[in-house]
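Beneath this line is the structure, given in structure tokens, with notes to follow.
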Amino acid sequence: MSAPAVSDALAAIVGREHAPGSAAQLAAASVDGVTPRWRVRPSSTDDVSRIMELAASEGLAVAPLGSGSALDLGMPPARVDLALDLSRLTGITEYVPADMVATVQAGVRLDVLGRELGKHGQMLALDPYGGPSRTVGGVLACGATGQRRFRYGTGRDLLLGARFVQADGTVTWGGSKVVKSVTGYDVPKLLVGSLGTLGVIVEATLRLHPVQPASGSWLFAFSSREGAAAFVADVLASSLEPDRLAWLNAAALVRVGMKGVEAGVAVSVGSVAEAVSSQRVTLASVGSSHGGTVSTLDEGFWSGLGAALAGPIVVKLASEIRRLAFWTGELETALARLGLSSAVVGEAGNGVLRAAAEGSVSPEAWAKDIVAPLREALSTEGGSLVVERAPIELKRAADVWGPIPEPSLTVMKRLKAEFDPRGILNRGRFVGGL
Amino acid sequence: MALSPAFLAELERIVGARGVVSTPEGRLAYECDMHTFYKGAPDFVVLPETTQQVLELVRLCRREHVAVVPRGSGTGLIGGAMAPVGGVMISMTRMNRLLELDFPNRCATVQPGLINLWLSQATREHGYYFAPDPSSQMVSSIGGNASTNAGGPHCLKYGITVNHVLGLELVTGAGEILRVGGKAQDAPGYDLTGALVGGEGTLGLLTAITVRLLHIPAGVKTLLASFSAMDDASETVSAIVGAGIIPAALEMIDETFVRAINEGVGAGYPKGAGAVLLVELDGPEAEIDAQAGRIVQICHDHAALEIRVAKDDAERALLWKGRKEAAGAVGRMSPTWILQDAVVPRSRLPEIMREVQAIGARHRLVIANVFHAGDGNLHPMILYNDRVPGELERAQEANDELLRACLAMGGSVTGEHGVGLDKASSMPLQFGDADLGFMARFRRVFDPDGIMNPGKLLPSHPACGEGFRPAAPRLPAGTWV
């Protein structure tokens, strides 16, 4: 089929105004400088299915697109022919507040959904740093997490069921619409964090949580990383039940407006008012026992946390929980050695750190002096370093995902070959060149 | 050489002569799990002690095209750990060591045969516990829990087993040792850990599991509320959840069970109650105090006859004792029953409970209910007498209607027991061809030759071969549900 014929076929599915996209729309959907030839905006699962069928028969490389905020994630694609823009799939398909479950289309924005759920005192406990304009489908496909994971888990724990379109256009359902089900394989787990490489999520059934009647947030400031780490360890070893436990280094604290503090831990607690205040008292005493000083934060602090991670380079480091302070030091030192400043924000109860770095660095030094040695050291404890955002020359110099040990990589390749044998879904962007 | 003396010699070479059970009497002990309806003895039972042995066993079976059936404690309720087409059963009971406790990282690594409760016992003095608590937890293994993605009363607040598994070591049906996940979270690539939990032994054999440990909550409060009508109790469940309270557990016990439990273990449940709700709250003291007050109010608003709050651990244990031994208690009323594990959206609870009663009346059968009301996970037990002609058939019809009624409300075939052989044929009620096709292909990635636990989890597998003869359908007294 010729390019104009593909355009016509796409327009026949979604209408002229939704394909093939203007030059500006195409440029906005480019992935690492690779601009798609078509940008198509389906309005239904059926549209997505027909588009994928067409893509499969024509061998077109497809990049699914939500809000477009995570186009940096992954390796530069081998090819992108068609940007599959899901932003018109904005329906809240089913929401029975008494079930605390909602089924929504993939393009629903987190803030839009949040407002609807908020009317019933409920929420979806996904709070990725990219902010509330991100889409449900995108957040799930990217495996994006935020600070609420400490209490509520990640997309893996919150996605109960998913409708997705396979590479050949087959509409498929996995999981269930109830909060508890073990019927068959847990297919949704396979989709979370898979970057759309096994199928395109078009609809998600999500576990919701009640908004707590009262909440409080505080920053505990310490004069050393070790003090902050001891505080975190004590909180984790106690029966305190925080919602969020955020780790911030000095540079990150500056970015959220707090100067002159070496290390900080932001904590929030959600419960009934009595339990919020009783936990605040306990937290304060644990904090002061490690030399920390406490100040009250407003809720806006949490939505501003994403801004602390703004910058051209963002790396995510996952390690053992207890090694947070150590790895913060390693990251800072490695980056500083090459003249890069770094703001570090961590999910302290989960052993996850992100560093936003600024400054210029050569691709060779990036690969040899930062990425490689950190990965090697992390491998001894099963940790990982993922470059979530970086200029393209840095991405080319060092695989952003890092090596996947065997035979896991082989198994992942078998999965990809099984479900996307022609490799048309986000080809080349995922781990191991998948 | 399959199943020949030479094959036996190969098995013995791998695990030693004392690691193989090959006598007819010995094999008979492994012919079923707790769902004794489904019987099928394996040709051999092997008891490996190392991952390497498991690997060699799988490779041997793959080479010889022999079915492999994994087994933990054998307490499953789905005909999962039995051998419908014979083959080699790999029992994990000798791989039962606690490999590592790591409190700073809030996790433990165990071998699959470790008993669930042992882990919580080993961690309690340090202030931690393992949250998944199937009623069988004093005998079921963590490997079995992870294989079936087991639930339990407290998964209302804490989630099922998969939410507590951080990493796995698995010998795949393709004969590889796969290590996925671990202490460090968010490993890049597909979430194989999440996708492998609940595989019911059809993808491979778990040989080590890293699980999350939770800190023991500051306080626990257990309440028991009785109602004259099931409807009021069901509405109370909805109202509690609607008030934004997620109790640790929210269990319902119907009139039939209240009577049986009182006569049996003597839990002292209020006599004459039409339904009893068991509510457990845990967390900071101030939180559970406030929530308990609210729940008492909600119960009163729904015409509760009586509300008790356990004053101490002993009272709490007594309130739970009845619930935990419910199925055993019903064994005194009827020798035979069919157990259902379907789920409905929790808002449909009052409706489905009325439907359960209607189905029972229509088929002239008693259907007793003790279940995880908070998450809509039903456990109706359809009582019947297999000596009365036609009663079994009526019970099976009632069971089928019940399942369909749950699915019509948007529910699920199984909430926590799993699919196994028992519900494999029900899968098409919930999933379409494309969905089942996806699962079948997923399975093939891990088990290319179809040797792993054949006949389980997915329908239309050549399971009903020779040697598969359903015996009298019954669940033994003492079954954990």
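If you read the sequences in order, they're chains A and B. If you want my numbering, it's the position in the first sequence, counting the first as 1, plus 126. If you want my numbering, it's the position in the second sequence, counting the first as 1, plus 23. The C-beta atom is built at its ideal place from N, Cα and C for all residues, glycine as well. From a predicted model like this one, the values you see are computed outputs, not experimental measurements.
Rounded separation between residue i and residue j - CA only
i: A221 (chain B); j: D445 (chain B); result: Checking the sequence shown, residue 221 (chain B) turns out to be Gly, not Ala. Their backbone Cα atoms lie some 15 Å apart in a straight line.
i: V420 (chain A); j: R427 (chain B); result: 56 Å
i: E278 (chain B); j: E338 (chain B); result: 21 Å
i: L371 (chain A); j: P127 (chain B); result: 15 Å
i: A418 (chain B); j: M226 (chain A); result: 33 Å
i: V326 (chain A); j: H386 (chain B); result: 45 Å
i: S27 (chain B); j: G49 (chain B); result: 18 Å
i: L31 (chain B); j: G310 (chain A); result: 33 Å
i: L466 (chain A); j: V478 (chain A); result: 20 Å
i: R410 (chain B); j: E416 (chain B); result: 12 Å
i: F60 (chain B); j: E242 (chain A); result: 48 Å
i: F346 (chain A); j: L193 (chain B); result: 42 Å
i: Y292 (chain B); j: V299 (chain B); result: 8 Å
i: W453 (chain A); j: L197 (chain A); result: 27 Å
i: G554 (chain A); j: V328 (chain A); result: 22 Å
i: S249 (chain B); j: A327 (chain B); result: 6 Å
Three-state secondary structure assigned by DSSP to residue i
i: C55 (chain B); result: coil
i: S20 (chain B); result: As shown, chain B starts at 24 and ends at 504. That puts residue 20 (chain B) outside it, with no answer to give.
i: M249 (chain A); result: strand
i: E484 (chain A); result: strand
i: M178 (chain A); result: helix
i: F153 (chain B); result: coil
i: Q112 (chain A); result: Only positions 127 to 560 of chain A appear in the structure, and residue 112 (chain A) is not among them; the question remains open.
i: F491 (chain B); result: With a pLDDT of 32 at F491 (chain B), under the threshold of 50, the modelled position of that residue is not reliable, and the figure given next carries that caveat. Looking at F491 (chain B) - three-state DSSP - the assignment turns out to be coil, as it is neither helix nor strand.
i: G244 (chain A); result: helix
i: A486 (chain B); result: Confidence is the limiting factor: at A486 (chain B) the pLDDT is only 39, short of 50, which leaves the residue's position unreliable, though a coordinate-based value still follows. In this structure, A486 (chain B) counts as coil in the three-state DSSP scheme.
i: N128 (chain B); result: coil
i: L401 (chain B); result: coil
i: R289 (chain A); result: strand
i: W360 (chain B); result: strand
i: A272 (chain B); result: strand
i: D458 (chain B); result: helix
i: F280 (chain B); result: helix
i: A40 (chain B); result: helix
Within chain A, partners of residue i - CB distance below 7 Å
i: Y213 (chain B); result: L316, S320, M538, L541
i: F153 (chain B); result: Chain A residues near F153 (chain B): none, gap ~16 Å exceeds 7 Å.
i: D458 (chain B); result: T298, W299, G300
i: Q160 (chain B); result: Residues of chain A passing the Cβ test: none, with the nearest at roughly 17 Å.
Chain B contact residues for residue i, given Cβ-Cβ distances below 8 Å
i: P339 (chain A); result: G267
i: G279 (chain A); result: G182, N186
i: V478 (chain A); result: Q208, D209
Environment of residue i [buried if 16+ CB atoms lie within 10 Å]
i: L51 (chain B); result: exposed
i: K385 (chain A); result: exposed
i: A315 (chain A); result: Checking the sequence shown, residue 315 (chain A) turns out to be Lys, not Ala. So K315 (chain A) ends up on the buried side.
i: V262 (chain A); result: buried
i: T146 (chain B); result: buried
Within chain A, partners of residue i - CB distance below 8 Å
i: S370 (chain B); result: V222, A224, D225
i: T437 (chain B); result: S307, V308, T309
Top-ranked residue by Cα proximity to residue i, from the options
i: A524 (chain A); options: A:L500, A:A543, A:T506, A:K542; result: A:L500
i: N476 (chain A); options: A:A232, A:A149, A:Y278; result: A:Y278
i: N400 (chain B); options: B:D423, B:P368, B:E416; result: B:P368
i: E544 (chain A); options: A:D294, A:G418, A:D253; result: A:D294
i: Q363 (chain B); options: B:P373, B:D423, B:A266, B:L246; result: B:D423
i: A349 (chain B); options: B:F465, B:I276, B:Q320; result: B:I276
i: T245 (chain B); options: B:E274, B:S261, B:V302, B:S158; result: B:V302
i: S404 (chain A); options: B:A309, B:R331, B:G297; result: B:A309
i: G418 (chain A); options: A:R463, A:A392, A:D369; result: A:A392
9 Å Cβ cut-off: residues of chain B touching residue i
i: P73 (chain A); result: A question about residue 73 (chain A) goes unanswered here, because the residues of chain A that appear run from 127 up to 560.
i: T454 (chain A); result: Within 9 Å Cβ-Cβ: nothing; T454 (chain A) doesn't reach chain B, min ~15 Å.
i: W527 (chain A); result: P211, G212
9 Å Cβ cut-off: residues of chain A touching residue i
i: T171 (chain B); result: V308
i: A241 (chain B); result: S364, S365, L366, E367
i: D398 (chain B); result: V304, V305, K306
Contact set between residue i and chain B, taken where Cβ atoms lie within less than 7 Å
i: V557 (chain A); result: P211, G212
i: D283 (chain A); result: G182, N186
Any chain C beta carbon closer than 8 Å to residue i
i: D294 (chain A); result: The structure shown contains no chain C; its protein chains are A and B.
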